[in-house]
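Worksheet: the structure to be examined is printed underneath.
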Amino acid sequence: MDDPRTLPGRTVYLGRRIEVRTVQVRRPDGTIADRDLVLHRGSVGIVARDADGSLVLIRNRRYAVGETLWELPAGTLEPGESPQDCARRELREETGFEAGRIVPLGRFFLSPGYCSEEMHAFLATDLEAVGQDLDDGEEISVEVVPDGRVRAMIRDGTLRDGKTLAMLALERARG
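End of the sequence shown sits at 174 in numbering that gives the first Met the number 0; the numbers just go up one at a time, nothing left out.
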């Protein structure tokens, strides 16, 4: 598979967390097409459950959609950081909990039609409250929600964040 960073093209935007590139790709029929791609170093998401099986959810202000969404905690990998270390860090920063146990659930691409971001999902248990440590500008509140209420939130459309829905499906498939 071609690395999108090495395809012929140009960088349109270079930010703190993403690079937007217009690249040329060769289609199976031999013709050349331009594609706009968002390159991302990867991310993590955490399904955090307390001793009662309730989920740690956050309410996160999302300017791209103009709403505050219900989500599982997540964040971007720092250069050189392992996914598991990132998951521990993001859980602590966003929710104020540290996990005694954290295990991988799987990986998935968030929007592979235009973005390279791959998310590593983890299950965090044996939680201990240590206090939130939000990044500047983050608007996040935390709520521990019983599993039955989370399922109702999915059914009634209250919970609409794609990565959260995908991680809950991975956890459920695990058994």
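Where a beta carbon is used, it is the ideal one built from N, C-alpha and C, also for glycine.
Whole-Å CB distance - residue i paired with residue j, under 8 Å assumed
{"i": "Glu-70", "j": "Asn-59", "result": "5 Å"}
{"i": "Arg-100", "j": "Thr-124", "result": "5 Å"}
{"i": "Val-43", "j": "Pro-82", "result": "5 Å"}
Buried versus exposed call for residue i [16 or more other C-beta atoms within 10 Å across all chains shown]
{"i": "Thr-94", "result": "buried"}
{"i": "Thr-163", "result": "buried"}
{"i": "Leu-36", "result": "buried"}
{"i": "Glu-66", "result": "exposed"}
Span of the beta strand (DSSP E) around residue i
{"i": "Ala-120", "result": "117-128"}
{"i": "Thr-30", "result": "Thr-30 -> no beta strand (DSSP E), and no H or E assigned at all."}
{"i": "Thr-10", "result": "8-13"}
Contact under 8 Å by Cβ, residue i with residue j
{"i": "Met-166", "j": "Ala-128", "result": "no"}
{"i": "Gly-8", "j": "Val-19", "result": "no"}
{"i": "Ile-139", "j": "Ala-86", "result": "no"}
{"i": "Leu-126", "j": "Arg-173", "result": "no"}
{"i": "Asp-146", "j": "Leu-56", "result": "no"}
{"i": "Gly-29", "j": "Leu-109", "result": "no"}
{"i": "Glu-89", "j": "Leu-122", "result": "no"}
N- and C-terminal bounds of the alpha helix (DSSP H) containing residue i
{"i": "Ala-165", "result": "161-173"}
{"i": "Arg-150", "result": "146-154"}
Practice item. Let me know the alpha helix (DSSP H) ranges lying completely inside the region 81-106, each 4 residues or longer, listed in chain order. Key: 82-94
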